[in-house]
Amino acid sequence: MNWVSSGGAGLCLGLFLSISTADQPLLLPKVPTVVVTNANFVACKEPRPEICYEVYAPVCAIRKLATQCTLAPCLNTEQKTYANDCQACSDRKVLGFAQGGECS
């Protein structure tokens, strides 16, 4: 039995990873943010999707809130980040979205 088949390679790799990342934080790629405007707003279409693809291309969606307004100003929508346009529009509360990143 050599040291690779006895788990030595995994131990060596784990030790290397812990040494190489001990001094530096793990840096993930920065996802851009987007502001929803009339110019970049894409309305969801009917029928709504029931099955979506699993690609991370974040969008900032505008969702209706369940609140009923009685006084102005009325804030009955919110912004929420979804993984992609399909997942955003599969939520019946979503009016539409802006592509290009997460909500700011």
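Residue numbers for the sequence shown follow the working numbering, beginning at 67 and rising by one.
For glycine and all other residues, C-beta sits at the position ideal for the given N, C-alpha and C.
Please state the DSSP three-state secondary structure of residue i.
i: Val97; result: coil
i: Leu83; result: With a pLDDT of 46 at Leu83, under the threshold of 50, the modelled position of that residue is not reliable, and the figure given next carries that caveat. Residue state, collapsed to three classes: helix.
i: Glu168; result: strand
Rounded to the nearest angstrom, what separates residue i and residue j at their Cα positions?
i: Cys78; j: Cys126; result: Note that Cys78 scores a pLDDT of 44, beneath 50, so its modelled location is shaky; the value from the coordinates is reported in the next line. Going from the Cα of Cys78 to the Cα of Cys126 covers about 43 Å.
i: Lys111; j: Cys155; result: 8 Å
i: Ala164; j: Pro91; result: 31 Å
Legend entry - 4 or more residues per run - each alpha helix (DSSP H) lying fully within the segment 102-165: Runs of the alpha helix (DSSP H) inside the segment 102-165: 151-155.
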